[in-house]
Amino acid sequence: MTAAKATAADGCKLVYSVLADAGPDAPRLALVHSLAMDRHFWEPVADALEGKASVLALDCRGHGESGKPVGPYSVEQFADDLAVVLDAAGWDDAIVAGASMGGCVALAFATHHAARTTGLGLIDTTAWYGEGAPDAWADRATKAQSSGMAALIGFQVSRWFSDAFREAERHVVEGAISTFLRNDVEAYAATCHMLGAADLRAALPGIAVPTRVIVGEEDYATPVAMATAMRDGIPGAEMTVLDGVRHFTPLECPDRIAAELGTLIEASQA
């Protein structure tokens with residue numbers, strides 16, 4: 014996967030890759046990864062979408078090979094970073110989809126860069142984590158800063174994947190853990206605080222592009238109720254609950270996510 018670089022307005026290096034190139038006339042799909050993951054998170058989904066769209070994924074600031082400036086961060090800033098990446102790739106617009114943190118970023122992009130958004134995919138995510146979110150996310154940030162990323166693994170892995178998947182697909186689980194452990198602790202903490210502060214509920218009624226909300230049936234990080242609130246808040250949005258899976262559906266069931274995104278691609282071209 015060839016890496017390319019762009020530079021944000023504040024000088025932050027942004028690394029991205031075109032995971033699939035379906036030609037100049039193909040639909041374009043930009044993907045935003047989950048917290049503490051990187052652009053490689055999307056490779057299984059991109060493989061399953063081959064021929065249906067050109068697919069781009071970036072390392073958000075603070076993640077992967079992108080720059081890790083001192084916070085605070087905001088989802089609007091991450092959305093602006095994606096706009097810079099699309100400029101660098103020569104993409105005027107795109108269907109934008111994200112998982113978990115990436116879904117918050119995708120929502121912010123569809124709000125602040127509406128003219129560049131042709132479709133919206135919201136996967137295992139939420140517009141708002143709730144009243145206690147600032148404190149809960151601050152606690153997670155503090156634990157990482159005081160005890161290191163490894164101290165969070167047990168908590169994270171059971172949320173990411175179903176019990177059966179963790180047993181059957183240990184190589185996928187170990188890959189996600191490895192990516193998680195490579196994170197810069199301070200950048201991770203800044204991103205946690207960002208998610209605790211994120212509240213995109215007021216933007217939902219203004220979304221005017223085809224939208225699919227997708228959530229794992231067993232996702233207790235961003236549960237079905239949060240997905241339902243987004244579906245109900247976005248005019249015309251459609252929702253799918255994927256049975257038997259948890260929070261990292263792009264890794265646990267990439268073919269099912271690709272099928273959902275394929276439907277979104279078709280709707281955006283109608």
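One rule links them: number in our numbering = place in the sequence shown (from 1) + 13. Here a beta-carbon is modelled for each residue, glycine too, at the ideal position from N, C-alpha and C.
Report the partner residues of residue i according to the DSSP bridge assignment.
{"i": "V97", "result": "Note: V97 sits in no beta bridge, so no partner."}
{"i": "A29", "result": "The sequence shown places Tyr at residue 29, rather than the Ala named in the question. Looking at the DSSP assignment, Y29 forms a beta bridge with A17 and L71."}
{"i": "D212", "result": "W141"}
{"i": "A43", "result": "L69 and V109"}
Where does residue i fall in DSSP's three states?
{"i": "M252", "result": "strand"}
{"i": "V258", "result": "coil"}
{"i": "T224", "result": "strand"}
{"i": "T131", "result": "strand"}
{"i": "G229", "result": "strand"}
{"i": "I296", "result": "Because the chain here runs from 14 to 283, residue 296 falls outside it and cannot be looked at."}
{"i": "P82", "result": "coil"}
{"i": "I247", "result": "coil"}
{"i": "E182", "result": "coil"}
{"i": "M50", "result": "coil"}
{"i": "D92", "result": "It should be noted that the sequence gives Ala, not Asp, for residue 92. Looking at A92 - three-state DSSP - the assignment turns out to be helix."}
{"i": "H125", "result": "helix"}
{"i": "E199", "result": "helix"}
{"i": "A146", "result": "helix"}
{"i": "L274", "result": "helix"}
{"i": "C205", "result": "helix"}
{"i": "E63", "result": "coil"}
{"i": "D152", "result": "helix"}
{"i": "E116", "result": "One point to set straight first is that residue 116 is Gly, not Glu, in the sequence displayed. Looking at G116 - three-state DSSP - the assignment turns out to be helix."}
{"i": "A234", "result": "coil"}
Using the Cα positions of residue i and residue j, report the straight-line distance between them to the nearest angstrom.
{"i": "R244", "j": "T130", "result": "18 Å"}
{"i": "S87", "j": "F122", "result": "12 Å"}
{"i": "Q90", "j": "P82", "result": "12 Å"}
{"i": "C25", "j": "T124", "result": "22 Å"}
{"i": "Y201", "j": "G75", "result": "7 Å"}
{"i": "G115", "j": "R52", "result": "11 Å"}
{"i": "S79", "j": "D34", "result": "22 Å"}
{"i": "A21", "j": "L27", "result": "7 Å"}
{"i": "E180", "j": "T235", "result": "23 Å"}
{"i": "P263", "j": "G246", "result": "24 Å"}
{"i": "A283", "j": "D152", "result": "45 Å"}
{"i": "D212", "j": "G143", "result": "9 Å"}
{"i": "G36", "j": "V237", "result": "36 Å"}
{"i": "L42", "j": "A107", "result": "5 Å"}
{"i": "G77", "j": "M50", "result": "7 Å"}
{"i": "A250", "j": "S191", "result": "35 Å"}
Pop quiz: residue i and residue j are said to be a contact at Cβ under 8 Å. What is the actual Cβ separation, rounded to whole angstroms?
{"i": "L70", "j": "L44", "result": "Residue identity differs from the one stated: residue 70 is Ala in this sequence, not Leu. The pair is a contact, with the Cβ atoms about 4 Å apart (cut-off 8 Å)."}
{"i": "V97", "j": "A19", "result": "5 Å"}
{"i": "W150", "j": "C205", "result": "5 Å"}
{"i": "A119", "j": "L133", "result": "6 Å"}
{"i": "L95", "j": "A59", "result": "So it is not a contact: roughly 17 Å between Cβ atoms."}
{"i": "K65", "j": "I270", "result": "Not a contact, Cβ separation roughly 13 Å."}
{"i": "A92", "j": "H46", "result": "At roughly 14 Å, the Cβ-Cβ gap does not stay under 8 Å, so A92 and H46 are not in contact."}
Measuring only from the beta carbon, is residue i closer than 8 Å to any heavy atom that is part of the ligand SAH?
{"i": "A140", "result": "With respect to the ligand SAH, the structure offers nothing, as it holds no ligand at all."}
Determine, using beta carbons only, whether residue i comes closer than 9 Å to chain B.
{"i": "M252", "result": "Given the protein chain composition of this structure (a single chain), no chain B is represented."}
*Using 8 Å as the threshold, is the stretch 180-200 in touch with the stretch 216-224, meaning 3 or more CB pairs across them?*
no
_Using a Cβ distance threshold of 8 Å, determine whether the stretch 165-174 contacts the stretch 95-115, with at least three qualifying pairs required._
no
*Taking three-plus beta-carbon pairs below 8 Å as touching, is the stretch 155-168 in contact with the stretch 267-282?*
no
_Across the stretch 244-257 and the stretch 227-234, are there enough close Cβ pairs to call them in contact, namely three or more that are closer than 8 Å?_
yes
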